Amino acid sequence: TVGAVALDAAGNLAAATSTGGMTNKKFNRVGDTPIIGAGTYANNATCAVSCTGHGEYFMRAVVAYDVSCLVEYKGLTITEACLYVVQEKLKKQGGEGGLIALNTKGEIALTFNSEGMYRASKRNDEPTYVGIYE
Amino acid sequence: MNPIAIAIHGGAGTILRALLTEEKERAYYQALQDAVEKGHQILAKGGSALKAVEETVRELEDCILFNAGRGSVFTHQGEHELDAAIMCGATGMAGAVAGVRRVRNPITLAKAVMQHSEHVLLTGEGAENFGHQVGVAFEPEEYFFDAFRYEQWQAAKAEDSIKLDHSAPILPDKKLG
Numbered sequence: 001t002v003g004a005v006a007l008d009a010a011g012n013l014a015a016a017t018s019t020g021g022m023t024n025k026k027f028n029r030v031g032d033t034p035i036i037g038a039g040t041y042a043n044n045a046t047c048a049v050s051c052t053g054h055g056e057y058f059m060r061a062v063v064a065y066d067v068s069c070l071v072e073y074k075g076l077t078i079t080e081a082c083l084y085v086v087q088e089k090l091k092k093q094g095g096e097g098g099l100i101a102l103n104t105k106g107e108i109a110l111t112f113n114s115e116g117m118y119r120a121s122k123r124n125d126e127p128t129y130v131g132i133y134e
Numbered sequence: 135m136n137p138i139a140i141a142i143h144g145g146a147g148t149i150l151r152a153l154l155t156e157e158k159e160r161a162y163y164q165a166l167q168d169a170v171e172k173g174h175q176i177l178a179k180g181g182s183a184l185k186a187v188e189e190t191v192r193e194l195e196d197c198i199l200f201n202a203g204r205g206s207v208f209t210h211q212g213e214h215e216l217d218a219a220i221m222c223g224a225t226g227m228a229g230a231v232a233g234v235r236r237v238r239n240p241i242t243l244a245k246a247v248m249q250h251s252e253h254v255l256l257t258g259e260g261a262e263n264f265g266h267q268v269g270v271a272f273e274p275e276e277y278f279f280d281a282f283r284y285e286q287w288q289a290a291k292a293e294d295s296i297k298l299d300h301s302a303p304i305l306p307d308k309k310l311g
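Chains as they are written, first to last, in the numbering used here: chain A, 1 to 134; chain B, 135 to 311.
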């Protein structure tokens with residue numbers, strides 16, 4: 001799975017996710033990627049989110065929208081919201097994976113509970129960050 | 135000046151250092167860096183967040199290393215079924231496709247669903263027909279073939295399991311039959 005979240009100079013957010021699914025999947029299984037709110041979500045008032053991992057868990061937990069709700073209703077920062085959803089809620093249910101999130105202040109969260117997540121980010125003129133492992 | 139920012143991912147899972155050669159690790163770093171900098175350039179030139187995420191994901195879909203687009207994993211039937219979604223934070227508009235085959239860049243098809251249909255999610259053959267109508271690129275099945283993904287599929291079939299893209303290691307001493 002691949003994904004991107006972006007903030008433009010006009011203050012608008014967007015999220016995108018694309019995947020080939022799971023190896024050896026049957027019965028036209030669909031994961032969280034194309035499910036708006038589960039694997040992909042964007043709202044200028046809160047954040048943009050793209051998820052990756054074991055899709056069934058992300059669908060049950062409505063992960064992307066859950067992060068947005070925690071920001072909107074509970075006033076959490078995106079880092080706090082992502083940590084809670086990925087490291088607490090998702091992990092307790094056995095869901096493996098992670099997500100990237102971004103808000104209109106340019107704050108970025110790259111959160112995962114698996115051994116690694118291929119990830120990168122760049123903000124303003126800051127150096128590009130690239131990571132694979134924890 | 136307002137901030138601009140972009141973040142990307144190329145999948146998560148059990149990424150075993152022992153199985154990721156230095157050469158392959160460098161390739162992943164380079165691909166991630168190229169993609170995020172492509173998106174950043176779009177933003178730096180005043181492009182929209184929507185355009186940045188679409189173009190960045192297209193770059194990753196065209197890279198054989200990642201499980202999306204060209205590098206997609208095999209289904210049980212030995213095919214490739216692709217899913218994608220895009221959402222605009224300013225308008226709340228969204229578009230998605232699921233289970234499409236031979237679409238080169240499913241994210242562009244998802245964006246077309248958002249912009250040129252009254253729907254949010256199209257699936258399978260219907261989504262492919264819509265793709266032909268709006269003129270997105272299709273590729274032959276061979277375009278999506280990768281030997282590593284094929285071995286992953288064979289290993290998963292042998293143990294009758296389904297696997298996350300980065301959680302199906304081919305162990306060096308594993309007999310694949």
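In this text, a Cβ means the ideal position worked out from N, Cα and C, and glycines have one as well.
No experiment lies behind these values; they were computed from the predicted model shown.
- Across the region 115-127 of chain A, CB contacts with chain B closer than 8 Å involve Glu-115, Gly-116, Met-117, Tyr-118, Arg-119, Ala-120, Ser-121, Lys-122, Arg-123, Asn-124, in sequence order along the chain.
- The C-alpha of B:Gln-288 is placed about 25 Å away from the C-alpha of B:Pro-240.
- What B:Thr-148 touches in chain A, judged by beta-carbon distance under 9 Å, is Glu-96, Ser-114, Glu-115, Gly-116, going in chain order.
- Under DSSP, the beta-bridge partners assigned to B:His-143 are A:Gly-3, A:Arg-119.
- Taking 8 Å as the threshold, the shortest C-beta distance from A:Lys-25 to chain B falls below it.
- The C-beta distance from A:Tyr-118 to B:Gly-205 rounds to 12 Å, too long to fall under 8 Å, and the pair is not in contact.
- Between B:Gln-286 and chain A, the shortest Cβ-Cβ separation is below 8 Å.
- With respect to A:Lys-122, B:Val-170 sits close: the two C-beta atoms are nearer than 8 Å.
- What B:Glu-171 touches in chain A, judged by beta-carbon distance under 7 Å, is Lys-122, Thr-128, going in chain order.
- Judged by DSSP in its simplified three-state form, A:Gly-131 adopts strand.
- Secondary structure of B:Leu-153 (DSSP, three-state): helix.
- Look at A:Cys-82 here: in three-state DSSP terms it is helix.
- Counting the other CB atoms within 10 Å of its CB gives B:Lys-297 a total of 16 or more, which places it among the buried residues.
- In this structure, DSSP gives A:Thr-46 a state outside helix and strand, which the three-state scheme calls coil.
- Contact with chain B is found for A:Ile-132, since one of that chain's Cβ atoms lies less than 8 Å from the residue's Cβ.
- Close CB contacts of A:Val-86 within its chain, under the 7 Å cut and outside five residues either way in sequence, are with Gly-98, Leu-99, Thr-111, Phe-112, Asn-113 (chain order).
- Shown here for B:Ala-218: same chain residues with a beta carbon closer than 6 Å to its own, the five before and five after excluded, namely Val-231, Pro-240, Ile-241, Ala-244 in chain order.
- In the three-state scheme derived from DSSP, where H, G and I count as helix and E and B as strand, B:Phe-272 is classed as strand.
- Contact check between the region 40-55 of chain A and the region 1-14 of chain A: three or more CB pairs, one atom from each, fall below 8 Å, which counts as touching.
- The criterion of a C-beta distance shorter than 8 Å is satisfied by A:Ile-36 and B:Met-221.
- DSSP places A:Met-59 inside the alpha helix (DSSP H), whose first and last residues are 55-61.
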